[in-house]
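Asker: Take this structure first; my questions come after.
Residue numbers (the numbering used here): 114 to 685.
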């Protein structure tokens, strides 16, 4: 009897081991296929995408089946071995569910989206394929979110290192994939409505000028109306922020902290986006437009010259009314620096900004572009938060919330402890063309505690006071010496945090401290002469329900992308 038991035990062990190895091989086969799917998507080869997804599903189904037999189930109760088998099985089942139920239906969908499917025909974008795809994408999005929860619930406290690492890798891959699926679902839901498929829409376009920095990017100097109807869009009335008056009181009610940190945010069109919360900025701009123009727009869209440079890779060069030719390599320098030297008149400058946006929009509307390049350009611009969207319709705004387009800080720390670093010009000048910023965040010994070091620097020429125009330097009107730049640096901690100390170049400094959007925030004013660097340091503690993951940083999008460094916790 004992011999029979031992034989059965050995056989079961071999059986489970062999099937685990086979399942591991099946899962490993999905890795290059996942890369093929990614490459096919980037290349716009939807047929290859569909074929690779089908092959992925076959391997995932096989891996799940290999870990689902009764003997494998019994082995999961064996001490030491069991937790590893359980974790491995949970991974295989989750992957099978993701691919078989969530992504496999997308394979048949993918072939309907060959290059050119959505592009404009006779000036109208073809949105019906998106409308048809929306339910399938919504289901895939739901399944991806379920999978994220299932993977997060896997207990690896008693698993060996190899299994623990494997679960972590799968979790990371699924989280990244979930973002892509969610983005596709959001686009399919929002774009048809925003393009006026069921009813005409009107949007206010804000062209952010990064040469005079604001928290969300730059001063909204040029403004224009965008009309959409049945897949078509066109530019309407254009205006300049300088044509809007100074309102004696905020045009809309503001939170106490917002009003305290940004006293003029609701009174000047040029300052509506001093708050890092784009919905607040957009609502203020909408109300100002309504008061002066008598039109209540359906939403607000902002874009900056760097985003235009990405889009110009897809459209090719455009010519503005002044005769200047702009392309992806020259548009940023021209719009944020060259235009001031060539056209001293601010009215002409604003006209050039508006013309550039109109020329790019016209190229998109006529289909004179590379759609693959356009897709990549929009993805890059949105990931850097250079394109922001706010919608007055609650259901559509809810879809936008949490995407890169929303321009909001998360309301919880569930997705990670996010630290926001935002800059506002205090020079009344266009010197931020030369401004750069880098942020280093170091985790403290206590959970939810951090130190943020924000280094701001000016690369302005040494003779900026005389070589640049008074319009660019500000001419000393606001008390800033010509050639220097004054910046308000704001550091927002995670939700529930509070500021415990502030320093400038290592020396304690007085700062304005508030609780804004449920986050501790410190505001420090920095003034830089050409070539100078200054570091603002802010200590933060007490984040509520701090994330167990790595901290993240979100910064104002400057002309040149800011560098971010995340350091491990300091020793107690």
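For every residue, glycine included, the Cβ atom is placed at its ideal position computed from N, Cα and C. Source: prediction; values computed, not measured.
Could you give the C-beta distance for residue 600 and residue 622, rounded to a whole number, given that I count them as a contact under 8 Å?
Answerer: One-based indexing of the chain shown puts residue 600 at position 487. One-based indexing of the chain shown puts residue 622 at position 509. Not quite, the Cβ-Cβ distance comes to about 14 Å (not below 8 Å), so this is no contact.
Asker: What does the alpha-carbon distance come out to for the pair residue 135 and residue 288?
Answerer: Position 22 of the chain shown, counted from the first residue, corresponds to residue 135. Position 175 of the chain shown, counted from the first residue, corresponds to residue 288. Reliability fails at residue 135, whose pLDDT of 47 lies under 50, so the model's placement of it is uncertain and no value is given.
Asker: Mark residue 657 as exposed unless 16 or more other C-beta atoms lie within 10 angstroms of its C-beta, in which case mark it buried.
Answerer: Counting from one through the chain shown, the residue named residue 657 turns up at place 544. Exposed.
Asker: Any idea which residues DSSP pairs residue 533 with across the strands?
Answerer: As a first step, residue 533 must be located in the chain shown, where it is residue number 420. Looking at the DSSP assignment, residue 533 forms a beta bridge with 605, 667.
Asker: Measuring CB atoms only, is the segment 403 to 414 touching the segment 500 to 513, in the sense that at least three cross pairs come out at less than 8 Å?
Answerer: Touching, per the Cβ criterion.
Asker: Rounded to whole angstroms, what's the CA-CA distance from residue 654 to residue 348? Just pull it up for me.
Answerer: As a first step, residue 654 must be located in the chain shown, where it is residue number 541. As a first step, residue 348 must be located in the chain shown, where it is residue number 235. Cα to Cα, residue 654 sits roughly 47 Å from residue 348.
Asker: Just verifying my parser: in three-state terms, what is the DSSP assignment at residue 477?
Answerer: Numbered from its first residue, the chain shown carries residue 477 at position 364. Residue 477 falls in the helix class under three-state DSSP.
Asker: So, helix, strand or coil for residue 403, using DSSP?
Answerer: By 1-based counting over the chain shown, the position of residue 403 is 290. Helix.
Asker: Using DSSP with H/G/I as helix, E/B as strand and the rest coil, what is residue 381?
Answerer: Along the chain shown, one-based indexing puts residue 381 at 268. Looking at residue 381 - three-state DSSP - the assignment turns out to be coil, as it is neither helix nor strand.
Asker: Write down the C-beta distance between residue 472 and residue 433 rounded to the nearest angstrom, noting that I regard them as a contact closer than 8 Å.
Answerer: Counting from 1 along the chain shown, the entry for residue 472 is found at position 359. Counting from 1 along the chain shown, the entry for residue 433 is found at position 320. Confirmed, about 6 Å.
Asker: Taking buried to mean at least 16 other C-beta atoms within 10 Å of its own C-beta, is residue 619 buried or exposed?
Answerer: For the purposes of this step, residue 619 is taken as residue 506 along the chain shown, with counting starting at 1. Exposed.
Asker: Spell out the partners DSSP gives residue 648 in its beta bridges.
Answerer: Residue 648 sits at position 535 when you count from the first residue of the chain shown. In the DSSP output, where bridge partners are listed per residue, residue 648 has 568.
Asker: Give every residue of the same chain whose Cβ lies closer than 7 Å to the Cβ of residue 540, excluding the five residues on either side of it in the sequence, and list them in chain order.
Answerer: As a working mapping, residue 540 is identified with position 427 in the chain shown. Once the five neighbours on either side are set aside, the close Cβ partners of residue 540 are 587, 591, 593, 598, 599.
Asker: What is the C-beta distance between residue 636 and residue 374, in whole angstroms, given that I count them as a contact (C-beta under 8 Å)?
Answerer: Within the chain shown, numbered from 1, the residue matching residue 636 stands at position 523. Within the chain shown, numbered from 1, the residue matching residue 374 stands at position 261. Correct: roughly 6 Å between the Cβ atoms.
Asker: Let me make sure I understand the geometry here. Which of 377, 545, 467, 426 has the alpha-carbon closest to that of residue 641?
Answerer: Taking the chain shown and counting its residues from 1, one reaches residue 641 at position 528. Of 377, 545, 467, 426, the residue nearest in Cα terms is 545.
Asker: Quick test of your reading: residue 532 and residue 565, contact by CB under 8 Å. State the CB separation rounded to the nearest angstrom.
Answerer: Taking the chain shown and counting its residues from 1, one reaches residue 532 at position 419. Taking the chain shown and counting its residues from 1, one reaches residue 565 at position 452. Yes, residue 532 and residue 565 are in contact; Cβ-Cβ is about 6 Å, under 8 Å.
Asker: Kindly indicate which residue of 498, 364, 326 has the alpha-carbon position closest to the one of residue 547.
Answerer: For this step, residue 547 is matched to residue 434 along the chain shown. Nearest of 498, 364, 326 to residue 547, Cα basis: 326.
Asker: Quick check on the DSSP output: the alpha helix (DSSP H) that includes residue 369 runs from which residue to which?
Answerer: Along the chain shown, read from residue 1 onward, the residue named residue 369 stands at position 256. Taken as a continuous stretch (DSSP letters only), the alpha helix (DSSP H) holding residue 369 covers 369 to 374.
Asker: Go ahead and pull the three-state DSSP assignment for residue 324.
Answerer: Within the chain shown, the letter at position 211 stands for residue 324. Note: residue 324 maps to strand in three-state DSSP.
Asker: With distances taken Cα to Cα, identify the nearest neighbour of residue 167 among 217, 205, 207, 211.
Answerer: If you number the chain shown from 1, residue 167 lands on position 54. Ranking the options by Cα distance to residue 167, first place goes to 217.
Asker: For the segment 398 to 406 and the segment 448 to 463, state whether three or more C-beta atom pairs, one from each stretch, are separated by less than 8 Å.
Answerer: No, the segment 398 to 406 does not touch the segment 448 to 463.
Asker: Suppose the cutoff is 6 Å on Cβ atoms and the five residues either side in sequence are ignored; what does the same chain contact list for residue 247 look like?
Answerer: By one-based count along the chain shown, residue 247 stands at place 134. Excluding sequence neighbours, residue 247 sits near 301, 302.
Asker: What residue from 608, 263, 580 has the CA that sits closest to residue 596's CA?
Answerer: Start at 1 with the first residue of the chain shown, and residue 596 comes out as number 483. Ranking the options by Cα distance to residue 596, first place goes to 580.
Asker: For residue 118, which three-state DSSP category applies?
Answerer: Counted from its first residue, the chain shown places residue 118 at position 5. Confidence at residue 118 is low in this model, with a pLDDT of 37, below 50, so its placement is unreliable and no value can be given for it.
Asker: Would residue 383 and residue 362 be called neighbours here (beta carbons separated by less than 7 Å)?
Answerer: As a working mapping, residue 383 is identified with position 270 in the chain shown. As a working mapping, residue 362 is identified with position 249 in the chain shown. No. Outside cutoff.
Asker: Taking DSSP's pairing of strands, which residues face residue 507 in a bridge?
Answerer: For the purposes of this step, residue 507 is taken as the residue at position 394 of the chain shown. Beta-bridge pairing links residue 507 to no other residue.
Asker: Out of 435, 559, 672, 307, which has the shortest C-alpha to C-alpha gap to residue 423?
Answerer: Counting from 1 along the chain shown, the entry for residue 423 is found at position 310. Comparing Cα-Cα distances from residue 423 to each of 435, 559, 672, 307, the minimum goes to 672.
Asker: Could you tell me whether the Cβ atoms of residue 534 and residue 552 are closer together than 7 Å?
Answerer: The residue you call residue 534 lines up with position 421 of the chain shown. The residue you call residue 552 lines up with position 439 of the chain shown. Yes, Cβ-Cβ distance for residue 534 and residue 552 is below 7 Å.
Asker: In this structure, how does DSSP classify residue 517 when only helix, strand and coil are distinguished?
Answerer: The residue you call residue 517 lines up with position 404 of the chain shown. Residue state, collapsed to three classes: coil.
Asker: Which value, in whole angstroms, describes the spacing of the CA atoms of residue 219 and residue 249?
Answerer: Against the chain shown, residue 219 aligns to sequence position 106. Against the chain shown, residue 249 aligns to sequence position 136. Distance between the alpha carbons of residue 219 and residue 249: 7 Å.
Asker: Quick check: residue 331 and residue 323, are their CB atoms within less than 7 Å of each other?
Answerer: Taking the first residue of the chain shown as position 1, residue 331 is located at position 218. Taking the first residue of the chain shown as position 1, residue 323 is located at position 210. Closer than 7 Å, so yes.
Asker: Which residues in the same chain as residue 299 place their Cβ atom closer than 7 Å to its Cβ, once the five residues preceding and following it in sequence are excluded?
Answerer: Here residue 299 is taken as the residue at index 186 of the chain shown, counted from 1. Same-chain partners within the cutoff: 512, 516.
Asker: Of the residues 329, 243, 202, which one's Cα is nearest the Cα of residue 267?
Answerer: Reading the chain shown from its first residue, position 154 is the one you call residue 267. When only C-alpha atoms are compared, the closest one is 202.
Asker: Is residue 548 helix, strand or coil by DSSP?
Answerer: Position 435 of the chain shown, counting from 1, holds the residue named residue 548. Here residue 548 sits in strand by DSSP.
Asker: Which partner residues of residue 333 appear in the DSSP bridge assignment?
Answerer: Taking the chain shown and counting its residues from 1, the one referred to as residue 333 is at position 220. The partner list for residue 333 (beta bridge, DSSP) reads 321.
Asker: What does the Cβ neighbour count give for residue 281, buried or exposed, with the cut at 16 atoms within 10 Å?
Answerer: As a working mapping, residue 281 is identified with position 168 in the chain shown. Residue 281 is exposed by the Cβ-count criterion.
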